[in-house]
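**Q** First the structure, which I've put down as structure tokens, then a few questions once you've had a look.
2 protein chains.
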Amino acid sequence: MNEIYFLTGNKHKFLEVKPIAEKHGFRLLQYSDEKLEIQSNDLIKIAKTAAFYAYIRLEKPVLVEDAGLFIEALNGFPGPYSSYVFKTIGCKGILKLMENIENRKASFKSASVLIYEPYVLVSLAEVHGSIAYKPRGAKGFGFDPIFIPEGSNKTFAEMDIEEKNKYSHRARSVEKIFIELKRLLREDR
Amino acid sequence: MNEIYFLTGNKHKFLEVKPIAEKHGFRLLQYSDEKLEIQSNDLIKIAKTAAFYAYIRLEKPVLVEDAGLFIEALNGFPGPYSSYVFKTIGCKGILKLMENIENRKASFKSASVLIYEPYVLVSLAEVHGSIAYKPRGAKGFGFDPIFIPEGSNKTFAEMDIEEKNKYSHRARSVEKIFIELKRLLREDR
Chain A
515 MNEIYFLTGN
525 KHKFLEVKPI
535 AEKHGFRLLQ
545 YSDEKLEIQS
555 NDLIKIAKTA
565 AFYAYIRLEK
575 PVLVEDAGLF
585 IEALNGFPGP
595 YSSYVFKTIG
605 CKGILKLMEN
615 IENRKASFKS
625 ASVLIYEPYV
635 LVSLAEVHGS
645 IAYKPRGAKG
655 FGFDPIFIPE
665 GSNKTFAEMD
675 IEEKNKYSHR
685 ARSVEKIFIE
695 LKRLLREDR
Chain B
515 MNEIYFLTGN
525 KHKFLEVKPI
535 AEKHGFRLLQ
545 YSDEKLEIQS
555 NDLIKIAKTA
565 AFYAYIRLEK
575 PVLVEDAGLF
585 IEALNGFPGP
595 YSSYVFKTIG
605 CKGILKLMEN
615 IENRKASFKS
625 ASVLIYEPYV
635 LVSLAEVHGS
645 IAYKPRGAKG
655 FGFDPIFIPE
665 GSNKTFAEMD
675 IEEKNKYSHR
685 ARSVEKIFIE
695 LKRLLREDR
């Protein structure tokens with residue numbers, strides 16, 4: 515089975531993506547090396563930079579996925595800085611910022627970049643939803659307890675991986691990548 | 515015509531590669547931005563790093579070509595550091611190091627890396643030859659006046675671009691890349 519190294523220190527993220535890779539015939543390995551994260555408003559650019567940087571060192575197929583929560587009433591905040599914002603002010607800080615705000619619309623976006631010579635593949639996916647009024651659930655990670663995807667009443671943190679992957683930005687963006695890679699490998703035989 | 519940006523500040527290099535690109539249906543543009551050159555013994559790794567780094571900024575198809583002169587009697591010196599060595603001790607320095615050395619065998623190696631989404635292509639080529647006893651010719655650049663490729667009596671600096679491209683490491687490595695790119699683009703239609 516073809517191996518792909520997934521650059522992430524986040525075990526949850528790895529466990530979400532692993533079954534999707536396997537479904538498409540790729541073995542996913544967690545690669546917890548340093549991740550170069552540039553400051554940018556462009557999720558794809560952030561993921562590409564990290565992927566190229568890791569690939570130079572690793573010299574093996576490498577996948578990077580970067581996500582952000584974009585809240586409409588907050589002008590897209592925290593966006594590409596979601597990880598940093600989560601580590602500092604957390605779900606609590608977001609809920610405080612959202613006090614007395616009726617417009618709860620938000621979306622999670624995910625950019626994936628795969629370097630798999632001779633291919634470099636990029637994909638972007640988005641899931642629309644809303645910010646809950648209180649955190650709910652203990653599964654997942656990051657802002658999962660306060661995000662409710664359209665089509666469900668649960669937050670991401672109330673779903674197990676299989677259910678979350680039916681809705682999630684991440685599942686969609688990595689799935690697009692694996693499908694495209696399979697197609698290219700098939701055509702290139 | 516599909517455009518490819520060739521990252522080089524060296525006009526000679528650009529003029530050598532341009533007709534090869536055009537022969538295969540690509541328009542080559544010179545991109546004289548900063549080139550990140552890591553220290554490494556691996557020409558491919560040097561070219562890849564520069565290519566990824568440039569690609570992140572440029573966000574357009576980018577080609578990088580790195581070459582080195584490897585002299586057998588000098589344990590491969592100047593190798594990947596040829597450009598630096600040329601700028602400091604020059605052809606004169608190399609000829610001095612080669613005084614009283616009978617083994618004149620040398621080779622020019624060229625690594626090319628092309629990032630052209632969804633492809634990242636790498637190629638390596640080599641031309642064997644020998645180090646002249648005196649510099650000859652005024653064409654080309656770098657160590658061209660002291661390198662005589664096998665199959666010719668002229669140094670690279672005595673050849674015009676068309677003739678040099680029949681022998682050169684650079685012409686071979688970039689040509690392989692353009693051929694491979696054409697093949698992939700054709701299959702991916």
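Protein chains in written order, with our numbering: chain A, 515 to 703; chain B, 515 to 703. By construction, the Cβ of each residue, glycine as well, lies at the ideal position given by its N, Cα and C atoms.
Excluding the 5 residues flanking I691/B on each side, which residues of the same chain have their C-beta closer than 6 Å to its C-beta?
**A** Contacts found: S626, L628, L635, S637.
**Q** First and last residue of the alpha helix (DSSP H) that includes K549/B?
**A** Here K549/B belongs to no alpha helix (DSSP H), and DSSP marks it neither H nor E.
**Q** Using only the alpha-carbon positions, how far apart do Q553/A and E579/A sit?
**A** Their Cα atoms are separated by approximately 15 Å.
**Q** Interface residues of chain E around P632/A at Cβ under 8 Å?
**A** Reference to chain E is not applicable here, since the protein chains of this structure are A and B.
**Q** Beta-carbon of E701/A versus every beta-carbon of chain B: anything under 9 Å?
**A** Closer than 9 Å: yes.
**Q** Within 10 angstroms of its Cβ, does M673/A collect 16 or more other Cβ (buried), or is it exposed?
**A** Label assigned to M673/A: buried.
**Q** Beta-carbon within less than 7 Å of L695/A's beta-carbon, same chain only, minus the 5 sequence neighbours each way: which residues are those?
**A** Hits under 7 Å: L628, Y630, Y633, L635.
**Q** Check P533/B in the structure and name its three-state DSSP category.
**A** In this structure, P533/B counts as helix in the three-state DSSP scheme.
**Q** In this structure, how does DSSP classify R684/A when only helix, strand and coil are distinguished?
**A** DSSP places R684/A in helix when its eight states are reduced to three.
**Q** Please report the distance separating the alpha-carbon of A646/B from that of G523/B.
**A** Roughly 27 Å between the two C-alpha positions.
**Q** With DSSP as the reference, identify every bridge partner of E640/B, one or two as the case may be.
**A** Beta-bridge pairing links E640/B to K623/B.
**Q** Any idea if E530/A is buried or exposed, counting beta-carbon neighbours within 10 angstroms, 16 or more meaning buried?
**A** Burial call: buried.
**Q** A581/A to L588/A, Cα distance in whole Å?
**A** Roughly 17 Å separates the two Cα atoms.
**Q** Is it a yes or a no for the region 651 to 661 of chain A touching the region 596 to 616 of chain A, going by three-plus beta-carbon pairs under 8 Å?
**A** Judged by Cβ distances under 8 Å, the region 651 to 661 of chain A makes contact with the region 596 to 616 of chain A, as three or more pairs qualify.
**Q** Consider the C-beta atom of F591/A and the heavy atoms of the ligand GDP; say whether any pair is separated by less than 8 Å.
**A** Ligands in the displayed structure: none, and consequently the ligand GDP is not present.
**Q** May I ask you to report which of helix, strand or coil DSSP gives D658/B?
**A** Helix.
**Q** Anything in chain A within Cβ reach of I629/B, meaning under 7 Å, just list it in chain order.
**A** Those are V634, listed as they occur along chain A.
**Q** Mind listing which residues of the region 533 to 550 of chain A have their C-beta closer than 9 Å to chain B's C-betas, in chain order?
**A** From the region 533 to 550 of chain A, no residue has a Cβ closer than 9 Å to chain B.
**Q** Since K549/B and A564/B are thought to touch, with beta carbons under 8 Å apart, how far apart are those beta carbons, to the nearest angstrom?
**A** Right, their Cβ atoms sit about 5 Å apart.
**Q** Please state the DSSP three-state secondary structure of R541/A.
**A** Residue state, collapsed to three classes: strand.
**Q** Excluding five sequence neighbours on each side, which residues of the same chain lie with their C-beta closer than 7 Å to the C-beta of E586/B?
**A** N617, K619, A620.
**Q** So, with DSSP's three-state summary, where would you put Y569/A?
**A** It is helical.
**Q** Can you confirm whether F566/B, when its beta carbon is compared against all beta carbons of chain A, has any partner nearer than 9 Å?
**A** Chain A contact via Cβ: present.
**Q** Can you find a C-beta in chain A that's less than 9 Å from the C-beta of K559/B?
**A** Yes, because at least one Cβ of chain A sits closer than 9 Å to the Cβ of K559/B.
**Q** Can you name the start and end residues of the beta strand (DSSP E) that Y519/A belongs to?
**A** Where Y519/A is concerned, the enclosing beta strand (DSSP E) stretches over 516 to 521.
**Q** Could you check where the beta strand (DSSP E) with L577/B kicks off and where it finishes?
**A** Segment 576 to 585, the beta strand (DSSP E) holding L577/B.
**Q** Among E613/A, V576/A, N614/A, T602/A, whose alpha-carbon lies nearest the alpha-carbon of L709/A?
**A** Limits of chain A in this structure are 515 at one end and 703 at the other, which puts residue 709/A out of reach.
**Q** Beta-carbon within less than 7 Å of Y567/B's beta-carbon, same chain only, minus the 5 sequence neighbours each way: which residues are those?
**A** Correct list, in chain order: L550.
**Q** Can you tell me where the alpha helix (DSSP H) with L588/A in it begins and where it stops?
**A** Note, L588/A: premise wrong, no alpha helix (DSSP H); not H, not E.
**Q** Is there a Cβ of chain A sitting closer than 9 Å to that of I518/B, yes or no?
**A** Chain A, which has no Cβ nearer than 9 Å to the Cβ of I518/B, makes this no.
**Q** Identify the contact partners of V562/B in chain A, using a Cβ-Cβ distance below 7 Å as the criterion.
**A** The residue asked about is misnamed: residue 562/B is Lys in this sequence, not Val. The answer, in chain order, is I570.
**Q** Which residues does DSSP pair with P663/A in a beta bridge?
**A** P663/A pairs with G643/A.
**Q** Hey, is E573/B's beta-carbon within less than 9 Å of any beta-carbon in chain A?
**A** Chain A contact via Cβ: present.
**Q** Which residues mark the beginning and the end of the alpha helix (DSSP H) in which F600/B is found?
**A** It spans 596 to 602 - the alpha helix (DSSP H) in which F600/B sits, taken as one unbroken run.
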